[in-house]
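Student: Take a look at this one; I'll ask things after.
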């Protein structure tokens, strides 16, 4: 406080209480916490006090580490795995999954709703007209793309305008694409297990009978099973490539042409499976 000439008191300007730690001591806390990640805040406080003579509280340790993005969190638990365990697991995965063909179809629309688009707006202007993007409930017109991947190879992409019925699935997918790939694959003296995603067209009797007539082994995939099909990554990559086109497709056939062209340069299947 200070007293002016008219005997009035006013608060003097102050920057507040000075920091108890210096920048060098803050760096010491950060380095110590990263080197010994199981140290508690009390341990770090004692180590700083013994090294520099500066005594700080646990809350100060939390604040200093929080300023650089370090927070106290519970560690993730895992089984103790040796190098032999990892090597055998990778060998088992390649041996078991190398003979499985993962197939699926995905729908691509003219009006993509991937929610990867961002806009710049001020707070409180979320519903202003310039900050709203119009989208149809079902993303408008589009098409269905079917494909299958196996370790080291893949089928051709099939573009279907309209609904994928069980008849279309049997006539175009199983009897053409899958049969053609199966013949070329069997010439190498190996067989594969066919996996689909249990949709109605896949579980239809005519589809099952077609697979049995072709002597194709179908993997049993129970309903409500986890979606672990690695071909989902292919659809994500394909969708990103279509969204990155300079000229957006204006009709479903044009969208199908872009899908086939984008799918020609597939990523390495071995990095997905």
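Residue numbers (my numbering): 663 to 935. Note that the Cβ used here is the ideal one computed from N, Cα and C, for glycine as well.
Please classify residue 780: does DSSP put it in a helix, a strand, or coil?
Tutor: In the structure shown, residue 780 sits in coil (DSSP, three-state: anything other than H, G, I, E or B).
Student: Please go through the same chain and pick out, in chain order, the residues whose beta-carbon is closer than 6 Å to the beta-carbon of residue 866, but skip the five residues on each side of it.
Tutor: The residues are 828.
Student: Among the residues of its own chain, which have a CB less than 8 Å from the CB of residue 764, if the five just before and after it don't count?
Tutor: Correct list, in chain order: 810, 811, 812, 857, 891, 892, 893 and 935.
Student: If you follow the alpha helix (DSSP H) that residue 679 is in, where does it begin and where does it stop?
Tutor: Residue 679 -> no alpha helix (DSSP H), and no H or E assigned at all.
Student: Among 692, 699, 723 and 697, which has the Cα closest to the Cα of residue 681?
Tutor: Of 692, 699, 723 and 697, the residue nearest in Cα terms is 723.
Student: Based on the DSSP secondary-structure assignment, which residues constitute the bridge partners of residue 709?
Tutor: DSSP output for residue 709 lists no bridge partner at all.
Student: Just the C-alpha distance for residue 839 and residue 736, rounded to the nearest angstrom, thanks.
Tutor: Residue 839 and residue 736: Cα-Cα distance of roughly 50 Å.
Student: Ordered along the chain, which non-local residues of its own chain (more than five positions away) have a Cβ less than 8 Å from that of residue 678?
Tutor: Nothing meets the Cβ criterion.
Student: Mind checking who residue 820 pairs with in its DSSP beta bridge?
Tutor: Residue 820 is bridged to 808.
Student: What span of residues does the beta strand (DSSP E) with residue 857 cover, start to end?
Tutor: Run containing residue 857: 855-857, per the beta strand (DSSP E) assignment.
Student: Would you mind working out which of 715, 703 and 788 sits nearest residue 721, comparing C-alpha positions?
Tutor: Here the closest residue by C-alpha is 703.
Student: What is the residue span of the beta strand (DSSP E) that residue 755 lies within?
Tutor: Careful: residue 755 lies outside any beta strand (DSSP E), inside the alpha helix (DSSP H) at 745-759.
Student: Compare the C-alpha of residue 780 against each of 795, 786, 791 and 767 and name the closest.
Tutor: Nearest C-alpha to residue 780: 795.
Student: Three-state secondary structure (DSSP) at residue 846?
Tutor: Helix.
Student: Relative to the alpha-carbon of residue 713, which residue among 688, 726, 699 and 731 has its alpha-carbon at the smallest distance?
Tutor: For residue 713, the nearest C-alpha among the options comes from 688.
Student: Within 10 Å of its beta-carbon, does residue 927 have 16 or more other beta-carbons around it, so buried, or fewer, so exposed?
Tutor: Only weak support exists for where residue 927 lies, its pLDDT of 48 falling under 50; the value from the coordinates is given anyway. With fewer than 16 Cβ atoms within 10 Å of its Cβ, residue 927 is classed as exposed.
Student: For residue 825, which three-state DSSP category applies?
Tutor: In the structure shown, residue 825 sits in coil (DSSP, three-state: anything other than H, G, I, E or B).
Student: Note down, in chain order, each residue of its chain lying with its Cβ closer than 7 Å to the Cβ of residue 716, except the 5 sequence neighbours on either side.
Tutor: Result list for residue 716: 682, 683, 687 and 710, in chain order.
Student: Report, in whole angstroms, the separation of the C-beta atoms of residue 761 and residue 852, which I expect to be a contact under 8 Å.
Tutor: Yes, they are in contact, since the Cβ atoms of residue 761 and residue 852 sit about 7 Å apart, within 8 Å.
Student: Per DSSP, what are the beta-bridge partners of residue 766 in this structure?
Tutor: Paired residues: 809.
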